[in-house]
Amino acid sequence: MRLANKKVIALVEDDFEDLELWYPVLRLREEGTTVDLVGKEANKTYVGKYGVPATSDKAFGYVDVASYDGILVPGGWAPDKLRRYPEVIDFVKYMDENKKPIGQICHAGWVLISADILQGKQVTSTPGIKDDMTNAGATWHDEAVIVDGHIISSRRPPDLPPYVKAFADELAKG
């Protein structure tokens with residue numbers, strides 16, 4: 000399996016978009032990636048927008064971000080909560096500074112905006128936050144997936160197959 004040596008953080012908080020968390024997690028695990036669900040608390044069950052649960056493996060404060068090869072930020076309403084945690088912002092900034100894959104889909108762009116890493120980047124997201132993305136200095140495109148170096152962005156659940164493939168391909172390079 001091409002991603003057997005890789006470790007990825009998948010951020011989790013209540014009201015995540017169910018498919019935007021679980022589809023990438025399961026696909027990456029199928030390729031051998033260790034994916035840890037990381038939330039404010041360890042062993043807490045967070046509930047998605049449509050009721051699908053996700054129990055965190057680790058808490059923000061107990062994660063050595065340097066031991067991970069990438070990070071996934073799901074969409075839904077969770078990003079508006081996630082961006083308020085200084086640890087989450089630190090994780091995203093670390094991944095950006097070290098050019099490790101950052102996956103963001105739908106409203107997850109809010110977290111990257113709060114981390115102040117989008118200046119001059121090419122991105123996509125749900126059209127609902129297009130203005131937020133452009134106001135953060137990014138150039139927004141209405142496409143299924145945009146890869147700008149180590150930042151992989153996507154719009155919404157129908158775009159999950161090309162999004163996760165692009166993230167996995169970028170992860171394989173590192």
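Just so you know, we're using numbering that gives the first Met the number 0 here: the sequence shown kicks off at 0 and counts up by one.
All C-beta atoms, glycine included, are put in the ideal place defined by N, C-alpha and C.
Next item on the list: For Q118, count neighbouring C-beta atoms within 10 Å of its own C-beta (all shown protein chains included) and say buried if the count is 16 or more, exposed if not.
Entry: Indexing the sequence shown from 1 puts residue 118 at position 119. Here Q118 is exposed: its Cβ has fewer than 16 other Cβ atoms, across all protein chains shown, within 10 Å.
Going by DSSP, what residues sit across from V144 in a beta bridge?
Sequence index remark: in the sequence shown, residue 144 carries index 145 (1-based). Beta-bridge annotation (DSSP): V144 is paired with S153.
V189 (DSSP reduced to helix, strand or coil) = What the structure shows of the chain is the stretch from 0 to 173, and residue 189 is not part of that stretch, so it cannot be assessed.
Would you mind sorting P73 into buried or exposed? The rule is 16 or more other CB atoms within 10 Å of its CB. By 1-based counting over the sequence shown, the position of residue 73 is 74. Result: buried.
On the DSSP letters alone, give me the boundaries of the alpha helix (DSSP H) that P52 sits inside. Walking along the sequence shown from the start, residue 52 turns up at place 53. Looking at the DSSP string, P52 is not in any alpha helix (DSSP H); the run it does join, the beta strand (DSSP E), is P52 to T54.
Query - D35 - DSSP class collapsed to helix/strand/coil - result: Position 36 of the sequence shown, counted from the first residue, corresponds to residue 35. The answer is strand: DSSP assigns D35 an E or B state.
- Item | Beta-carbon spacing of S66, G38 below 8 Å | As a first step, residue 66 is located in the sequence shown; it is residue number 67 there, counting from the start. As a first step, residue 38 is located in the sequence shown; it is residue number 39 there, counting from the start. Annotated as distal: S66 and G38, with beta-carbon spacing of 8 Å or more.
| Under three-state DSSP, which class holds I104? | Your numbering for residue 104 matches position 105 in the sequence shown. I104 falls in the strand class under three-state DSSP.
I need the DSSP call for V46, collapsed to helix, strand or coil. Your numbering for residue 46 matches position 47 in the sequence shown. DSSP places V46 in strand when its eight states are reduced to three.
Practice task
Mind checking which residues open and close the alpha helix (DSSP H) that includes K99?
Solution key: Stepping through the sequence shown from its first residue, residue 99 is reached at position 100. No alpha helix (DSSP H) contains K99, which DSSP labels as neither H nor E.
When you compare the CB positions of D131 and G108, do they come within less than 8 Å of one another, or not? The residue given as residue 131 occupies position 132 in the sequence shown. The residue given as residue 108 occupies position 109 in the sequence shown. Yes. Within cutoff.
TODO: State the start and end residues of the unbroken alpha helix (DSSP H) segment that holds K129.
DONE: Mapped onto the sequence shown, residue 129 falls at position 130. Looking at the DSSP string, the run of the alpha helix (DSSP H) that includes K129 is K129 to N134.
Where DSSP assigns a beta bridge to W109, which residues make up the other side? Counting from one through the sequence shown, the residue named residue 109 turns up at place 110. Partner(s): none; W109 has no beta bridge.
H149 and I101 - do their beta-carbons sit closer together than 8 Å? Your numbering for residue 101 matches position 102 in the sequence shown. Your numbering for residue 149 matches position 150 in the sequence shown. Yes, they are a contact pair.
- So V7 packs on D68, CB below 8 Å; how close in whole Å? Indexing the sequence shown from 1 puts residue 7 at position 8. Indexing the sequence shown from 1 puts residue 68 at position 69. Beta-carbon to beta-carbon, V7 and D68 are separated by about 6 Å, close enough to satisfy the 8 Å threshold.
Q | Contacts around P23, its chain only, beta-carbon distance under 6 Å, and the 5 residues preceding and following it disregarded | A | By one-based count along the sequence shown, residue 23 stands at place 24. Hits under 6 Å: L71 and V163.
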